[in-house]
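Protein chains: 2
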Amino acid sequence: MALVNPTLQTPVTTADKVFQQMLHAIVEGHIAAGSKISEPELAKQYQISRSTLREALNRLEKCHLIERKPNIGSKVVECTIEGLLEIYVVRESLEGMACRQAAIYMTDQEINEMKDMLTQHASMQALKEGTAYYQEEGDLDFHYKVILGSHNQQLINILCGQLYHLVRMYRCQFGMNSPRASKAFDEHSRIIEAIADRDGELAEMLMRRHIAASRKNIENKIAEKQQQN
Amino acid sequence: MALVNPTLQTPVTTADKVFQQMLHAIVEGHIAAGSKISEPELAKQYQISRSTLREALNRLEKCHLIERKPNIGSKVVECTIEGLLEIYVVRESLEGMACRQAAIYMTDQEINEMKDMLTQHASMQALKEGTAYYQEEGDLDFHYKVILGSHNQQLINILCGQLYHLVRMYRCQFGMNSPRASKAFDEHSRIIEAIADRDGELAEMLMRRHIAASRKNIENKIAEKQQQN
DNA sequence: ACCATAAAAATTGTCGACAATATATAGATT
DNA sequence: AATCTATATATTGTCGACAATTTTTATGGT
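From first to last, the protein sequence lines stand for chains A and B. Counting the first sequence from 1 gives a position; the numbering used here is that position plus 73. Counting the second sequence from 1 gives a position; the numbering used here is that position plus 73.
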């Protein structure tokens, strides 16, 4: 029930279905990052015409998962360290604001649901005596809920509809940018507290620190790796 | 030489050209906000096939200027007060961060160019003995420059490639959300100062206040209008 | 007169073919 | 042998036609 982007519509047209299949394939790396996309080849592979494949490609482009140059073709985006850090900067900014708005606009029911989710995650974390679950789906669930809690359609579209596909792609392919399990959980609780207190200013600050901490964590890992060489 | 989105590629394919024409038409209201888009009709109007028109529509959708429902069709987005306020929230967040990044990454040359631009705007403002120029193109130029100064491709894409088309659309159609001329100019100078001082924290704060002030200005006008009725 | 149903018209989605452009191959020249 | 040019191949862009779906209109019943 997790790892599913909340803005993803249920596919109705064939282009929709192929889009979602390709989305999955790109995020998981089955279609390699940076690789060129051959329209005739993929059309044959999915057993659809080139037109509908192009329709699917257009949606992937909308998510910033592929890039297109006129008369030349499409490429899957590359996963670079710089790209990852750029995404963190945007997330820090936007999710911080989303959190501030959530403190204003989330209903009491939504807040309670989020609290329930967190306790549920806590038990799961204990159950698995590890942090695997929380590192993966749980973290995303939390962030999605906050974003939706902003009740701001622009924020929701940009974050869930675009940026978070890339977030998941980087998480699958780099691996190193999963949440720092133990600390992340505490940070999440504090953020929910601030939202429940309707303290938007604090909520924004905490979310920004939460994301900035992840970014710095990665920057450190990078630095370590570079020292080894 | 302003009012031109810096991320807009020079059109190469016919779909590109039609896209830019329609972009212009929607922003200026020649294609009415909220109106339904008839593919056959527009294809005939632009003298292209429906396929290439659909290609253009896909790009408009990427800019969030039209919305599409499967098997039903496309509509131009509506200009609502709520929608405008949502955009301001996102701008406050993202442009604030862009400004912080600009203080880090802008080159000295870029900063000088921006200073030059501002003095040029000042003289124009005096020349026209009004604030028309600055209210329109000048303000956009300034904000574009800051955004580009972030050197963050994600920020640039989201702001220039998507959000600012909507900003311009609202400005054309509502009119009331143009910059508060006299104050805006001073605020712009202070922001540039902060960037030149490489004070990212201050730069972000000033930009956020600058945009928040515009938003509050609109909220007040709305409130006034509602009191009249 | 109103509502439900069925037929007709219009609109969107998908397909295959052709045109325009870019890439790869072969040949000629120095 | 290397470089430039010309040809051939492959890929992307555009077109018109058909299929599937939705909207409108017409019809009949209460």
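Beta carbons are placed, not taken as given, at the ideal position from N, Cα and C, and that holds for glycine. In this text the structure is predicted, and so the values were computed from the model without any measurement.
{"Asked": "Does Glu165 (chain B) have its Cβ less than 9 Å from a Cβ in chain A?", "Found": "yes"}
{"Asked": "Using a Cβ cut-off of 9 Å, pull out every chain B residue sitting near Glu101 (chain A), in sequence order please.", "Found": "The contacting residues do not exist; Glu101 (chain A) stays about 22 Å from chain B at best."}
{"Asked": "Give me whichever residues DSSP pairs with Lys142 (chain B) in a beta bridge.", "Found": "B:Gly146"}
{"Asked": "Quick check for students: name the residue ranges of the alpha helix (DSSP H) that lie wholly in the stretch 204-273 of chain B, counting only runs of 4 or more.", "Found": "212-222, 226-229, 237-247 and 254-269"}
{"Asked": "Tell me, which residues are paired with Asp109 (chain B) by DSSP?", "Found": "The amino acid at residue 109 (chain B) is misidentified as Asp; the sequence shows Lys. Looking at the DSSP assignment, Lys109 (chain B) forms a beta bridge with B:Lys148."}
{"Asked": "The stretch 128-140 of chain A: which residues have C-beta closer than 9 Å to a C-beta of chain B, in chain order?", "Found": "Glu128, Asn131, Arg132, Glu134, Lys135 and His137"}
{"Asked": "Buried or exposed for Ile99 (chain B), please, with buried defined as at least 16 other CB atoms from any protein chain shown within 10 angstroms of its CB.", "Found": "buried"}
{"Asked": "Can you tell me which of the three DSSP states Met74 (chain A) falls into?", "Found": "Residue placement at Met74 (chain A) is flagged as unreliable, the pLDDT there being 39, under the threshold of 50; the coordinate-derived value follows with that caveat. Met74 (chain A): coil per DSSP, three-state reduction."}
{"Asked": "Please report the straight-line C-alpha distance between Ala88 (chain A) and Asn131 (chain B), rounded to a whole angstrom.", "Found": "13 Å"}
{"Asked": "Return no unless some Cβ of chain A is closer than 9 Å to the Cβ of Pro143 (chain B).", "Found": "yes"}
{"Asked": "How would you write the range of the alpha helix (DSSP H) that Gly156 (chain A) sits in, first residue to last?", "Found": "Ile154 to Tyr178"}
{"Asked": "According to DSSP, is Thr83 (chain B) part of a helix, a strand, or is it coil?", "Found": "coil"}
{"Asked": "As a quick exercise: from B:Leu126, B:Glu274 and B:Cys152, pick the residue whose alpha carbon is nearest that of Glu107 (chain B).", "Found": "It is worth fixing the name first, because residue 107 (chain B) is Gly in this sequence and not Glu. Ranking B:Leu126, B:Glu274 and B:Cys152 by Cα distance to Gly107 (chain B) puts B:Cys152 first."}
{"Asked": "Would you call the CB atoms of Val219 (chain A) and Ala175 (chain A) closer than 9 Å?", "Found": "yes"}
{"Asked": "Quick one: grab the DSSP three-state call for Gln193 (chain B).", "Found": "helix"}
{"Asked": "Going by C-alpha distance, which of A:Ile154, A:Pro113 and A:Glu134 is nearest Ile295 (chain A)?", "Found": "A:Ile154"}
{"Asked": "So, under 8 Å CB-CB, Cys264 (chain B) and His283 (chain B) are touching, yes? Tell me the CB distance rounded to an integer number of Å.", "Found": "Per the sequence shown, residue 264 (chain B) should be read as Ile rather than Cys. That pair is a contact at about 7 Å."}
{"Asked": "Compare the C-beta of Glu159 (chain A) against all C-beta atoms of chain B and say whether one is closer than 9 Å.", "Found": "yes"}
{"Asked": "Buried or exposed for Arg173 (chain B), going by 16 or more other Cβ atoms inside 10 Å?", "Found": "buried"}
{"Asked": "Considering Cα atoms alone, identify which of A:Pro84, A:Gln301, A:Gln299 and A:Leu279 is closest to Glu165 (chain A).", "Found": "A:Leu279"}
{"Asked": "Which class does Ile99 (chain B) belong to by DSSP, given the choice of helix, strand or coil?", "Found": "helix"}
{"Asked": "For Ser122 (chain A), which of helix, strand or coil comes out of DSSP?", "Found": "coil"}
{"Asked": "Tell me which residues share the same chain as Ser122 (chain B) and place their Cβ nearer than 8 Å to its Cβ, disregarding the 5 neighbours each side in the sequence.", "Found": "Ala116"}
{"Asked": "Does DSSP classify Asn293 (chain A) as helix, strand or coil?", "Found": "helix"}
{"Asked": "Examine chain B for any beta-carbon lying closer than 9 Å to the beta-carbon of Val85 (chain A), and answer yes or no.", "Found": "yes"}
{"Asked": "Given a threshold of 16 other Cβ atoms within 10 Å of its Cβ, counted over all protein chains shown, does His97 (chain A) qualify as buried or as exposed?", "Found": "exposed"}
{"Asked": "Return the Cβ separation of Ser147 (chain A) and Ile104 (chain A) in integer angstroms, given the expectation that the two are a contact with Cβ distance under 8 Å.", "Found": "Going by Cβ atoms, the distance from Ser147 (chain A) to Ile104 (chain A) rounds to 11 Å, so no, they are not a contact pair."}
{"Asked": "What residues of chain B sit near Asp89 (chain A), judged by a beta carbon separation below 9 Å?", "Found": "Pro143"}
{"Asked": "Which term fits Ile177 (chain A), buried or exposed, when burial requires 16 or more other beta carbons within 10 angstroms of its beta carbon?", "Found": "exposed"}
{"Asked": "Closest to Ala286 (chain A) by CA distance: which of A:Tyr161, A:Asp214, A:Tyr119 and A:Gly234 is it?", "Found": "A:Tyr161"}
{"Asked": "Report the option in A:Leu126, A:Ile184 and A:Glu114 whose CA atom is closest to the CA atom of Ala267 (chain A).", "Found": "A:Ile184"}
{"Asked": "Keeping to the same chain, check which residues put their C-beta closer than 8 Å to that of Leu167 (chain B); ignore five residues upstream and five downstream.", "Found": "Leu228, Ile231, Leu232 and Leu236"}
{"Asked": "Looking only at its chain, what residues have a beta carbon closer than 6 Å to the beta carbon of Ser223 (chain A), apart from the 5 residues adjacent to it on each side?", "Found": "Ala171, Gln174 and Ala175"}
{"Asked": "Flag Met74 (chain A) as yes if its beta-carbon sits less than 9 Å from any beta-carbon of chain B, otherwise no.", "Found": "Its pLDDT being 39, under 50, Met74 (chain A) is placed unreliably in this model, and the value from its coordinates should be taken loosely. For Met74 (chain A), the answer is no, since every Cβ of chain B falls outside 9 Å of its Cβ."}
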